[in-house]
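In what follows, a single structure is set out as C-alpha cells and then discussed.
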Amino acid sequence: MIAVVRTAPLHYPIRRSMQLGLLTGAVYFGGTLYWLVETMTTFGGLPTPLAIFAAAVLVAYLSLFPAAFAVIFSKLHRSFGAASFLLAPAVWVSTELGRQYVWDGFPWALLGYSQVSVLPIAQVVSVVGVYGLSGLLALTSSAAAFLVVDTTRRRWIVAGVTTALVVACAAWGSARLNASWLLTRGEPVRVAVLQGNIAQEDKWNPELRDAITDRYLAMTREALDGGATFIIWPESSTPFYFEHDLFRGGAIRRLAREANATLLIGSDQVEPVRTSAAERVTERQYNAAFLVKPDGAVGAVYRKMHLVPFGEYVPLASLLFFVGPIVDAVSPFTPGEDPVLLPVGDRMASTAICYEVIFPSLIRRFVLDGSELLTTITNDAWYGRSSAAFQHWDQAAMRSIEQGRYLARAANTGISGFVDPYGRATQKTALFEQALVMEDLRFLTDRTIYNRIGDLAAWLSLALVLAALLASWTLARRSRPPALQ
Numbered sequence: 000m001i002a003v004v005r006t007a008p009l010h011y012p013i014r015r016s017m018q019l020g021l022l023t024g025a026v027y028f029g030g031t032l033y034w035l036v037e038t039m040t041t042f043g044g045l046p047t048p049l050a051i052f053a054a055a056v057l058v059a060y061l062s063l064f065p066a067a068f069a070v071i072f073s074k075l076h077r078s079f080g081a082a083s084f085l086l087a088p089a090v091w092v093s094t095e096l097g098r099q100y101v102w103d104g105f106p107w108a109l110l111g112y113s114q115v116s117v118l119p120i121a122q123v124v125s126v127v128g129v130y131g132l133s134g135l136l137a138l139t140s141s142a143a144a145f146l147v148v149d150t151t152r153r154r155w156i157v158a159g160v161t162t163a164l165v166v167a168c169a170a171w172g173s174a175r176l177n178a179s180w181l182l183t184r185g186e187p188v189r190v191a192v193l194q195g196n197i198a199q200e201d202k203w204n205p206e207l208r209d210a211i212t213d214r215y216l217a218m219t220r221e222a223l224d225g226g227a228t229f230i231i232w233p234e235s236s237t238p239f240y241f242e243h244d245l246f247r248g249g250a251i252r253r254l255a256r257e258a259n260a261t262l263l264i265g266s267d268q269v270e271p272v273r274t275s276a277a278e279r280v281t282e283r284q285y286n287a288a289f290l291v292k293p294d295g296a297v298g299a300v301y302r303k304m305h306l307v308p309f310g311e312y313v314p315l316a317s318l319l320f321f322v323g324p325i326v327d328a329v330s331p332f333t334p335g336e337d338p339v340l341l342p343v344g345d346r347m348a349s350t351a352i353c354y355e356v357i358f359p360s361l362i363r364r365f366v367l368d369g370s371e372l373l374t375t376i377t378n379d380a381w382y383g384r385s386s387a388a389f390q391h392w393d394q395a396a397m398r399s400i401e402q403g404r405y406l407a408r409a410a411n412t413g414i415s416g417f418v419d420p421y422g423r424a425t426q427k428t429a430l431f432e433q434a435l436v437m438e439d440l441r442f443l444t445d446r447t448i449y450n451r452i453g454d455l456a457a458w459l460s461l462a463l464v465l466a467a468l469l470a471s472w473t474l475a476r477r478s479r480p481p482a483l484q
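As numbered in numbering that gives the first Met the number 0, residues 0 to 484 make up the sequence shown, in order.
This is how it looks when you write it as C-alpha cells:
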C-alpha cells in the first residue's frame, strides 16, 4: 500500500492547482490581515459589508501569488516528477519577491518573518535577507514532502543535507549572537522615542491641538533631562502642519535650539503646485518627517515613498470608488521620490514611515547611501488591539538583522522601542499607553553580507524558476507526437 501511495501520480490539472493556491492564499492572508475590516470601519467610516468587501479585494489579489506558486509547481511536477519538490523553495521565494515589485508592492507577512523570535535562525537574513530565510523554511517543508513521495535512496540524501543545513545555520547564528561584536563598535548616541498615545479620533481635533502639542513638548523636555540628544516623535504626531504653523512649529525649533538637541518630527507637508496649462495652483500632500537640527533649522525632510493601500490612497480608485471615505479620513497623499538621509550631528540616520519598513530594498538603499542608524516612525492606532501592531514590530526588527544596524521605533500608540543589530528588542512598550523610552544606541558603519549583495538569493531563485519552466516547456515540446508539433 505504501508503495502504491508513493508511486501514485500527484498531478493536478492547472485549474485545480490554481483553486488550491487561491484557497491557501485566502486562508494565509485572511488570517493575517483580518484587522483591515476593523481599520476601515472604525477609522475609515465604511459600513461593515463594504469594509469586508474591500479587505476581500486585497486578500484576493494577494492570493494570486500562492496560486501562481501552485500552478508553477504543478507544471514543474509534470515535467520533473518528485525532483520538482527541490525547486519548490525557489518558486515560493519568486512569488514573495513578486509581492514586493508587482503593482505597488505589499510584502507583508513573508514566510521568513515567522522566525524573527528564533534569533539563531533569524541571523541568516544578515547574509541572504528575509527572502532567503523564506527559502530555507520552504526547503524544510519541501524536503519533508520529498521524503514521502520519492522512492529512491536520494530522498535520504536530501533529508540529510537539509537537516545539516538547518543545524549549520542555527549553530552559526548562535555563535554570531554570542559574539555580538557590533555592540562595541561605532559612536554612541542617546536616543529617546516618544509614544504620545493620542487617540485616532483626537489627532485632528482643533480643540485638542494645543494639548497634544504640549504633551509632546513636555515629553521632549523629559527626554532632554535624561540626557537624550536625538529625540524621535511618531508619524504625523503634530496636529498641525509643521512648516506652516509658526507658533507651534516655532516652539519645537526653539526647544531644539535651547537644548542643543536633534529632533525628528513626524508631520504632514503641503506643497503648492502650479499647473502649466491653466496656471492654476493646486496642492500636494506628503506624509513627511522633519529633521530639526540643534540650531533650530530644518536639516532634512523625508517624504514617505511607499503609501499604504486603502489608507493613503485607493488602488484602482475608479473601480473601488466606494472606499473613498477611507482616504477622505486621512487625506490623499503623494508619494515621495528620494530616500533622503537625516544628519544627526556629523553622522547620518534614516527613517521609514509606517509600513515602509517592510520593504527590505528601501532600508538597504538607506544604508548603502550612508545611514548608520535606522529609525521608523508610525501611527499604529489604526490597528486597534489586533495582531497588526505586533506583526509590524516584528517585520521592523528583521531590518536590524539584515543591515546590522540599531533600530529606534516611535509609534503613536505603540509598539515603540529599540532593537539591536541582532534583532534583540532591548526596550519595548505596551500598546495604548503614554511612554518615553531612552537608550544609548550606536552609529555603525560595518556592512552585512546582505547589505552588499541585496536580494541576490531571491533573484537567483527567480532565474532558476524561469530556467526550469523553459526546460519544462522544451521537454513537453519534445515529447509531443510529430504530428502535433
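Ideal placement from N, C-alpha and C gives every residue a C-beta, glycine not left out.
C-beta contact flag for residue i and residue j at 7 Å
{"i": "Val356", "j": "Ala388", "result": "no"}
{"i": "Pro233", "j": "Asn450", "result": "no"}
{"i": "Pro119", "j": "Ala169", "result": "yes"}
{"i": "Val70", "j": "Ser133", "result": "no"}
{"i": "Leu409", "j": "Val192", "result": "The sequence shown places Ala at residue 409, rather than the Leu named in the question. It is a contact, given that the beta carbons lie within the stated cut-off."}
{"i": "Ala227", "j": "Arg189", "result": "yes"}
{"i": "Val36", "j": "Ala54", "result": "yes"}
{"i": "Leu138", "j": "Thr161", "result": "yes"}
{"i": "Ala380", "j": "Thr428", "result": "no"}
{"i": "Leu474", "j": "Ser78", "result": "yes"}
{"i": "Ser230", "j": "Thr212", "result": "Residue 230 is actually Ile in this sequence, not Ser. The answer is no: Cβ separation not under 7 Å."}
{"i": "Leu75", "j": "Leu63", "result": "no"}
{"i": "Ile414", "j": "Trp392", "result": "yes"}
{"i": "Leu341", "j": "Ala299", "result": "yes"}
{"i": "Phe332", "j": "Ser349", "result": "no"}
Environment of residue i [buried if 16+ CB atoms lie within 10 Å]
{"i": "Thr374", "result": "buried"}
{"i": "Ala108", "result": "buried"}
{"i": "His243", "result": "exposed"}
{"i": "Arg346", "result": "buried"}
{"i": "Arg477", "result": "exposed"}
{"i": "Pro205", "result": "exposed"}
{"i": "Ser471", "result": "buried"}
{"i": "Glu371", "result": "buried"}
{"i": "Tyr100", "result": "exposed"}
{"i": "Leu469", "result": "exposed"}
{"i": "Pro88", "result": "buried"}
{"i": "Asn286", "result": "buried"}
{"i": "Gly131", "result": "buried"}
{"i": "Ile197", "result": "buried"}
Helix, strand or coil at residue i [DSSP, three-state]
{"i": "Arg346", "result": "strand"}
{"i": "Met437", "result": "strand"}
{"i": "Val26", "result": "helix"}
{"i": "Leu468", "result": "helix"}
{"i": "Arg476", "result": "helix"}
{"i": "Leu430", "result": "coil"}
{"i": "Asp451", "result": "Looking at the sequence provided, one finds Arg at residue 451 rather than Asp. Of the three classes helix, strand and coil, the one that applies to Arg451 here is helix, per DSSP."}
{"i": "Val418", "result": "strand"}
{"i": "Pro88", "result": "helix"}
{"i": "Ala108", "result": "coil"}
{"i": "Phe442", "result": "strand"}
{"i": "Thr161", "result": "helix"}
{"i": "Pro48", "result": "helix"}
{"i": "Pro308", "result": "strand"}
{"i": "Arg15", "result": "helix"}
{"i": "Thr377", "result": "strand"}
{"i": "Thr333", "result": "coil"}
{"i": "Leu341", "result": "strand"}
{"i": "Thr41", "result": "helix"}
{"i": "Leu463", "result": "helix"}
{"i": "Leu406", "result": "strand"}
{"i": "Thr425", "result": "strand"}
Cβ-Cβ separation, residue j to residue i (assumed contact under 8 Å), whole Å
{"i": "Asp445", "j": "Gly383", "result": "Not confirmed; about 39 Å, so no contact."}
{"i": "Leu181", "j": "Leu443", "result": "6 Å"}
{"i": "Pro359", "j": "Glu401", "result": "6 Å"}
{"i": "Met17", "j": "Ala66", "result": "5 Å"}
{"i": "Tyr421", "j": "Leu21", "result": "Wrong, their Cβ atoms sit about 38 Å apart, outside the cutoff."}
{"i": "Gly172", "j": "Val123", "result": "7 Å"}
{"i": "Gly295", "j": "Arg247", "result": "Rounded, the Cβ-Cβ distance is 14 Å, inconsistent with contact."}
{"i": "Phe84", "j": "Val165", "result": "With 8 Å as the limit, Phe84 and Val165 do not qualify as a contact, their Cβ atoms being about 16 Å apart."}
{"i": "Val129", "j": "Gly111", "result": "4 Å"}
Residue i: CB within 6 Å of a non-hydrogen atom of the ligand SAM
{"i": "Val165", "result": "Absent from the structure shown: the ligand SAM. Ligands present: none."}
Minimum Cβ-Cβ distance from residue i to chain B less than 7 Å
{"i": "Gln199", "result": "In the displayed structure, chain B is absent; only one protein chain is listed."}
**Prompt:** In chain order, which alpha helix (DSSP H) runs of at least 4 residues are fully inside the region 178-229?
**Reply:** Counting only runs of at least 4 residues, the region 178-229 fully encloses the following alpha helix (DSSP H) elements, listed from N- to C-terminal order: 208-224.
**Request:** Kindly provide the ranges of any alpha helix (DSSP H) runs that are 4 or more residues long and lie completely inside the region 243-301, ordered along the chain.
**Result:** 245-258, all fully within the region 243-301.
**Asked** Enumerated in chain order, which unbroken segments of the beta strand (DSSP E) with a length of 3 residues or greater are wholly contained in the region 53-81?
**Response** With a minimum length of 3 residues, no continuous beta strand (DSSP E) run stays inside the region 53-81.
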